[in-house]
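Protein chains in written order, with the numbering used here: chain R, 1 to 194; chain D, 1001 to 1061.
Input: a single structure, listed below in C-alpha cells.
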Amino acid sequence: MSARTDTRPLFIPVVLGTVRQGRMSEHVARFVHAELAKRPGVETELVDIRELKLSNTDEGGGARDVRFTETVARADALVLVVPEYNHGYPGLLKHALDTNLKEYIHKAVGVCGVSAGPFGGTRVIENLLPVLRELGLVTVFWDGNFSSVQKAFDAEGNLTDAAYVRRLDKFFRELVWMAKVLRHGREHVALEGG
Amino acid sequence: MTETSKMVCPDCGVETNRHAEKVEYTDAGADAEGFDPALGGVLEEFHACPDCGRTHARRAE
Chain R
1 MSARTDTRPL
11 FIPVVLGTVR
21 QGRMSEHVAR
31 FVHAELAKRP
41 GVETELVDIR
51 ELKLSNTDEG
61 GGARDVRFTE
71 TVARADALVL
81 VVPEYNHGYP
91 GLLKHALDTN
101 LKEYIHKAVG
111 VCGVSAGPFG
121 GTRVIENLLP
131 VLRELGLVTV
141 FWDGNFSSVQ
151 KAFDAEGNLT
161 DAAYVRRLDK
171 FFRELVWMAK
181 VLRHGREHVA
191 LEGG
Chain D
1001 MTETSKMVCP
1011 DCGVETNRHA
1021 EKVEYTDAGA
1031 DAEGFDPALG
1041 GVLEEFHACP
1051 DCGRTHARRA
1061 E
C-alpha cells in the first residue's frame, strides 16, 4: 500500500436507519458510534436519517441530501443500524440509500440489526443484503445483532449487557480489515483491461 | 480487453484508478446515449484517486 493510503484514517460513519418516534435503535446507534470512535485510526460520525433533507417528489440523485452524499463519498465503510419492522427494513432508510450510487462502489458495509424479539434483526439483515450488493457495497460476514433491545439498554440509553462490547469488537475488526483492503483496491488495483 | 483513456482527479491532478464498472438502467432504455444492447443498459466506470481517495464516475468508453 502507498504511504498516503496507510496514513489517512479510515472514515466509517454510523447510520441510524429509522425515523420513528421512540426508536430503540437510537440507543444502539449511539453505543455503536461511541465504541467505533474508540478505535485508533478510525474517524466516525453519527448520521441520523431523520435529519436528512430528502425529497419525496424526486428520484435518485435528484432527491439527495448533499451533506449525506458528501459523508458517504468520504467514507471508507458504513455501519447501518437497522431495526426490523415486520421482517423488513424501514422504507425511509431505503429511500436515503437510493439517493447515492457511485459513492458506495467497492466500500465495506456492516449491519447492526435491532429487534424487540430474540433474533437480533437477522431477518432484516438478510433482506437488506441484496440491496447493499446492488448498490455496489461489499458486506462483511460479521453482523451486530441486538435482540430484545428494550432490555439491552436502560431508559437513559445505557448498555445493560456488557457482552455487546466484545461482540461489537469482533464485528469492527472484520469491518476495518475490509475497509482497508477495499481502499487499497479502489485506489491501486485496476480493473482488468486498464 | 480494451485500453481506455486515463482520468485525472479534478481535485488532485493525479491519475485515477479505474476499479469498477456497473450497468445503469435508465428510463430512456435503448434510446439512451451509449446504450449497450448486450448489457441492457449504459455502462458506467468508477475511478478512485490514489491521493485523496475520492471516487469519480463516467460513462464507459
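Where a beta carbon is used, it is the ideal one built from N, C-alpha and C, also for glycine.
Counting along the chain, no alpha helix (DSSP H) covers T1016(D), and no H or E run does either. Under the Cβ distance rule, E51(R) does not count among the residues neighbouring chain D, no pair being separated by less than 8 Å.
Listed as beta-bridge partners of R1059(D) by DSSP are E1044(D). In chain order, E1044, F1046, T1055, H1056, A1057 make up the part of chain D whose C-beta sits under 8 Å from the C-beta of K102(R).
Secondary structure at V124(R): helix, using DSSP grouped into helix, strand and coil. For E1021(D), the neighbours in chain R by C-beta distance under 9 Å run, in chain order, L191. The residue from R167(R), L80(R), A96(R) with its alpha-carbon nearest to that of L129(R) is L80(R).
By the CB criterion at 8 Å, V42(R) and F146(R) fall outside the cutoff. Restricted to the stretch 143 to 169 of chain R, the alpha helix (DSSP H) segments that are unbroken, complete and at least 4 residues in length are 149 to 152, listed in chain order. Taking 8 Å as the cut-off, the beta carbon of A73(R) is found closer than this to the beta carbon of T1055(D). Counted as a single uninterrupted DSSP element, the alpha helix (DSSP H) harbouring G91(R) occupies residues 91 to 97.
Contact between T18(R) and H33(R) is absent: CB atoms are separated by about 15 Å, not below the 8 Å threshold. Under the Cβ distance rule, P1010(D) does not count among the residues neighbouring chain R, no pair being separated by less than 8 Å.
The three-state reading of DSSP puts L16(R) in strand, counting E and B together.
The C-beta distance from T99(R) to P13(R) rounds to 15 Å, too long to meet the 8 Å contact threshold.
In the three-state reduction of the DSSP assignment, P83(R) falls in the strand class, which pools E and B. For A29(R), the enclosing alpha helix (DSSP H) stretches over residues 25 to 37. Straight-line spacing of the CA atoms in E1045(D) and D76(R) works out to 19 Å. A108(R) is a Cβ neighbour of V138(R), given a cutoff of 8 Å. As computed with DSSP, F1035(D) is found in a beta bridge with V1042(D). For the pair K53(R) and G1053(D), the Cα-to-Cα distance works out to about 26 Å.
Distance from the Cα of H184(R) is smallest, within the candidate group A1060(D), R1058(D), H1047(D), A1057(D), for H1047(D).
Measuring C-alpha to C-alpha distances from D1011(D) to each of P1050(D), R1059(D), S1005(D) identifies P1050(D) as the nearest.
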